[in-house]
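**Q**
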Amino acid sequence: MPLNLAAFIGVVLFAIVGAEDPYRRWNWNVTYGFIYPLGIRQQGILINGQFPGPDIYSVTNDNLIINVFNSLDEPFLISWNGIQNRRNSFEDGVYGTTCPIPPGRNFTYILQVKDQIGSFYYYPSLAFHKAAGGFGGIRILSRPLIPVPFPDPADDYTVLIGDWYTSNHTDLKALLDRGKKLHFPDGILINGRGPNGTSFTVDQGKTYRLRVSNVGLQNSLNFRVQGHKLKLVEVEGTHTLQISYSSFDIHVGQSYSFLLTADQPAQNYLIVVSSRFTTPILTTTGVLRYNNGGGSFSNLPTGGPTIQVDWSLNQARSIRTNLTASGPRPNPQGSYHYGMINTTRTIRLANSAGLINGKQRYAVNSVSFVAADTPLKLADYFQIGGVFRVGSISDAPTGGGMYLDTSVMNADYRAFIEIVFENPENIMQSWHLNGYQFWVVGMDGGQWTQASRNEYNLRDAVARSTIQVYPKSWTAIYIALDNVGMWNLRTEFWARQYLGQQFYLRVYTKSTSIRDEYPIPKNALLCGRASGRHTRPL
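Taking mature numbering (1 follows the signal peptide of the UniProt record, and there is no 0), I'd label the letters of the sequence shown as residues -19 to -1, 1 to 519.
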């Protein structure tokens, strides 16, 4: 081979091997501070002095390096709602996978938003901290050469909505620890502020992207903008068919992107957020301000959704994947045709509520989760016995009484499975699976049966990571288990999650190849029975 050709090939190979996705770095200081979201002074959790915390801006495949310093007086963890942490559940930021950051210490999260786009958020996962703040938006943009199925908006806004309590989060936690229920929330916030405390400015004739996430504790919320249509374009990383809505239900833990065109007379308009399926109905407002507009807006607009479930259920069924759009999406067995792949297992999950030892608890398939003394992922990695028992939760509702256990369900790597969420209670439910997207193939009222599969959408169901289940109803999903690790499956109703309505799905393979799962990070915090063990570098 001629020397110059060999040199050329060497340079090319070096460039290929040495090429790396971009790195983005943040330093966060988590502190307490006084906040007044509903006009009452209370202690909040701030990140770099901000409530809510700063947005994370990134691009598909970026490496995110987030150094979190805990200046609170108690342990702290941040988790990443919808970020899939490919092959790396050690960085998931929930107690089943990650040791808490002790007071006065730091931990550096190393994440890669591998093959993801869309709208997500982060939140604190321990000790009912979510009721005090510590949350913020995450946006992952497509790479410049990957077409997006709509023109670039004039601006891109994060909108964090959620119910809120004026009580200190420690008081709420103490109430739950005594086995009591929480009272009804005190209000609703938009970007950490109460009525008319948040505003967005627009120019007439231009189109804007609103990334709306329900970061609250328990209530489904309806979102609408007076006199304007909301065109849905993305759901938790999936481009959708572009359908316009006058208002939209956003359930706890969910994220959506809408395009809003400022096509009305130049004046101020109300942004309205109201609770769904509650008595009384909580409502708050923000302001959409037109440049060169001015003037006051009219009274609170009427015409929001009624309390009936059917309206919301039909809206949810209308959300479909845009199959012509470019962008990352789940890819089981090398095919996007999820409806043509046979499932190998059906898991049915039913929520329940009741008393255990005289205290309020919540359960999945009769098991009310209790945290172990060591993160489950660390116990699995170091093969520490006695921390948890695989198979401690059944594949189907037992019909028996509730009991306490550290519930872990085993699942095979690369299996393609069906999960049916069954809600026998007269409440709304919302479920999230860390580390994954799944296809929402069906939902309906009544009891799920095998005949319900005849109504599944096996062509263009939306892929997402958080799904609602209506009262006395069911929701079915398909999921490709292509991400090895220990993954938290939980209700997004935070008091229920705190009191046991969660478990861990252990997606397992005997392989030790880094193609399947990264080894424990060399900076991992070790605690419980894993203290004193040695990590190895990535």
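The beta carbon of each residue, even a glycine, is placed where N, CA and C say it ideally should be.
Taking the alpha-carbon of residue 499 as reference, which of 170, 466, 251, 248 has the nearest alpha-carbon?
**A** Here residue 499 is taken as the residue at index 518 of the sequence shown, counted from 1. Among 170, 466, 251, 248, the Cα nearest to that of residue 499 is on 466.
**Q** According to DSSP, is residue 514 helix, strand or coil?
**A** Working through the sequence shown from its first residue, we reach residue 514 at position 533. Looking at residue 514 - three-state DSSP - the assignment turns out to be coil, as it is neither helix nor strand.
**Q** Tell me where the beta strand (DSSP E) around residue 497 begins and ends.
**A** Within the sequence shown, the letter at position 516 stands for residue 497. First-last for residue 497: undefined, no H or E at that position.
**Q** For the candidate residues 36, 124, 416, 255, whose alpha-carbon lies nearest to that of residue 74?
**A** Within the sequence shown, the letter at position 93 stands for residue 74. Selected option, being the one with the closest Cα: 416.
**Q** Using 10 angstroms around the beta-carbon of residue 111, count the other beta-carbons present and answer buried if the total reaches 16, otherwise exposed.
**A** The sequence position of residue 111 within the sequence shown is 130, counting from 1. Flag for residue 111 reads buried.
**Q** Among the candidates 186, 362, 453, 452, whose CA atom is the shortest distance from the CA of residue 510?
**A** Here the question's residue 510 lines up with position 529 in the sequence shown. It is 362.
**Q** Less than 8 angstroms between the CB atoms is what I'm expecting for residue 443 and residue 193, so what's the real figure, rounded?
**A** Taking the first residue of the sequence shown as position 1, residue 443 is located at position 462. Taking the first residue of the sequence shown as position 1, residue 193 is located at position 212. Not a contact, Cβ separation roughly 16 angstroms.
**Q** Please classify residue 512 as buried or exposed, where buried requires at least 16 neighbouring CB atoms within 10 angstroms.
**A** Here residue 512 refers to the residue found at position 531 when the sequence shown is read from its first residue. With fewer than 16 Cβ atoms within 10 Å of its Cβ, residue 512 is classed as exposed.
**Q** Any contact between the segment 375 to 394 and the segment 457 to 465? By contact I mean 3 or more CB pairs, one from each, below 8 angstroms.
**A** They touch, by the three-pair rule.
**Q** Under 8 angstroms: do the segment 414 to 430 and the segment 446 to 455 share three or more Cβ pairs, one atom per stretch?
**A** They touch, by the three-pair rule.
**Q** Which residue or residues does DSSP assign as beta-bridge partners of residue 25?
**A** As a working note, residue 25 is residue 44 in the sequence shown. Answer by DSSP bridge pairing, in chain order: 14.
**Q** Quick one: what's got a C-beta closer than 6 angstroms to residue 253's C-beta in the same chain, skipping five residues either side?
**A** As a working mapping, residue 253 is identified with position 272 in the sequence shown. Once the five neighbours on either side are set aside, the close Cβ partners of residue 253 are 205, 266.
**Q** For a cutoff of 7 angstroms on Cβ pairs, would you count residue 328 as touching chain B?
**A** In the structure shown, chain B does not exist; there is a single protein chain.
**Q** With DSSP as the reference, please indicate the residues paired to residue 528 in a beta bridge.
**A** Absent from the model: residue 528. The displayed extent of the chain is -19 to 519, so no value can be given.
**Q** How far does the alpha helix (DSSP H) with residue 360 in it extend, from its first residue to its last?
**A** Here the question's residue 360 lines up with position 379 in the sequence shown. Per DSSP, residue 360 belongs to the alpha helix (DSSP H) from 357 to 362.
**Q** If I measure Cβ to Cβ from residue 288 and keep anything under 7 angstroms in the same chain, skipping five residues before and after, which residues do I get?
**A** Translated into positions along the sequence shown, residue 288 becomes position 307. Excluding residues within five positions, the ones whose Cβ falls inside 7 angstroms are 258.
**Q** Between 183, 167, 184, 381, which lies nearest to residue 176 when the distance is taken from Cα to Cα?
**A** For the purposes of this step, residue 176 is identified with residue 195 of the sequence shown, where counting begins at 1. For residue 176, the nearest C-alpha among the options comes from 167.
**Q** Which residues in the same chain have their Cβ closer than 6 angstroms to the Cβ of residue 306, if we skip the five residues on either side of it in sequence?
**A** The residue labelled residue 306 in the question sits at position 325 within the sequence shown. Same-chain partners within the cutoff: 130, 220.
**Q** Assess, as a yes-or-no matter, whether the segment 236 to 245 is touched by the segment 171 to 191 under the definition of 3 or more beta carbon pairs within less than 8 angstroms.
**A** Yes, the segment 171 to 191 touches the segment 236 to 245.
**Q** Here's a check: name, in chain order, each residue in its chain whose Cβ is nearer than 7 angstroms to the Cβ of residue 505, leaving out the five neighbours to either side.
**A** Residue numbering aside, residue 505 sits at position 524 when the sequence shown is read from its first letter. Within the same chain, residue 505 has close Cβ partners 71, 516.
**Q** Taking Cβ to Cβ, would you say residue 41 is nearer than 7 angstroms to residue 98?
**A** For the purposes of this step, residue 41 is taken as residue 60 along the sequence shown, with counting starting at 1. For the purposes of this step, residue 98 is taken as residue 117 along the sequence shown, with counting starting at 1. Cβ distance < 7 angstroms, so residue 41 and residue 98 count as in contact.
**Q** What's the C-alpha gap between residue 440 and residue 297?
**A** Taking the first residue of the sequence shown as 1, we reach residue 440 at position 459. Taking the first residue of the sequence shown as 1, we reach residue 297 at position 316. So the alpha carbons of these two residues sit roughly 16 angstroms apart.
**Q** What do you get for residue 502, buried or exposed, if any count of 16 or more other CB atoms within 10 angstroms of its CB means buried?
**A** Here the question's residue 502 lines up with position 521 in the sequence shown. That one is buried.
**Q** Please report the distance separating the alpha-carbon of residue 123 from that of residue 308.
**A** Within the sequence shown, numbered from 1, the residue matching residue 123 stands at position 142. Within the sequence shown, numbered from 1, the residue matching residue 308 stands at position 327. Rounded to whole angstroms, residue 123 to residue 308 spans 7 angstroms at the Cα level.
**Q** Nearest-angstrom Cα distance between residue 359 and residue 368?
**A** The count along the sequence shown starts at 1 and reaches residue 359 at position 378. The count along the sequence shown starts at 1 and reaches residue 368 at position 387. About 10 angstroms.
**Q** What does the alpha-carbon distance come out to for the pair residue 118 and residue 8?
**A** The residue given as residue 118 occupies position 137 in the sequence shown. The residue given as residue 8 occupies position 27 in the sequence shown. In a straight line, the C-alpha of residue 118 is about 16 angstroms away from that of residue 8.
**Q** So the candidates are 6, 22, 68, 56; which of them puts its Cα closest to the Cα of residue 494?
**A** For the purposes of this step, residue 494 is taken as the residue at position 513 of the sequence shown. Ranking 6, 22, 68, 56 by Cα distance to residue 494 puts 68 first.
**Q** Rounded to a whole number of angstroms, what is the C-alpha to C-alpha distance between residue 142 and residue 171?
**A** Translated into positions along the sequence shown, residue 142 becomes position 161. Translated into positions along the sequence shown, residue 171 becomes position 190. Using only the alpha carbons, I get a separation of about 5 angstroms.
**Q** Which residue marks the beginning of the beta strand (DSSP E) containing residue 507, and which one marks its end?
**A** One-based indexing of the sequence shown puts residue 507 at position 526. From DSSP, residue 507 is part of no beta strand (DSSP E); its letter is neither H nor E.
**Q** Do you know offhand how far residue -17's Cα is from residue 1's?
**A** In the sequence shown, the residue the question calls residue -17 occupies position 3. In the sequence shown, the residue the question calls residue 1 occupies position 20. Caution is warranted here: a pLDDT of 37 is assigned to residue -17, below 50, making its placement in the model unreliable, and the coordinate value is therefore given only provisionally. Looking at the two C-alpha atoms, the distance is approximately 28 angstroms.
**Q** Check for me: the alpha helix (DSSP H) holding residue 296 runs from which residue to which?
**A** Position 315 of the sequence shown holds residue 296. Where residue 296 is concerned, the enclosing alpha helix (DSSP H) stretches over 290 to 298.
**Q** Can you give me the C-alpha to C-alpha distance between residue 594 and residue 322, rounded to a whole angstrom?
**A** No statement about residue 594 is possible, as the shown extent of the chain runs from -19 to 519 and does not include it.
**Q** In chain order, which continuous runs of the beta strand (DSSP E) of length 3 or greater are located wholly inside the segment 324 to 373?
**A** Here the runs fully enclosed are 326 to 337, 340 to 345, 348 to 350.
**Q** If you draw a straight line from the C-alpha of residue 108 to the C-alpha of residue 354, how long is it?
**A** Numbered from 1 along the sequence shown, position 127 holds the residue referred to as residue 108. Numbered from 1 along the sequence shown, position 373 holds the residue referred to as residue 354. Spanning the two alpha carbons is a distance of roughly 15 angstroms.
**Q** Give every residue of the same chain whose Cβ lies closer than 7 angstroms to the Cβ of residue 195, excluding the five residues on either side of it in the sequence, and list them in chain order.
**A** As a first step, residue 195 must be located in the sequence shown, where it is residue number 214. Correct list, in chain order: 142, 143, 202, 231, 232, 233, 234, 235.
**Q** In three-state terms, what does DSSP make of residue 413?
**A** The residue labelled residue 413 in the question sits at position 432 within the sequence shown. Residue state, collapsed to three classes: strand.
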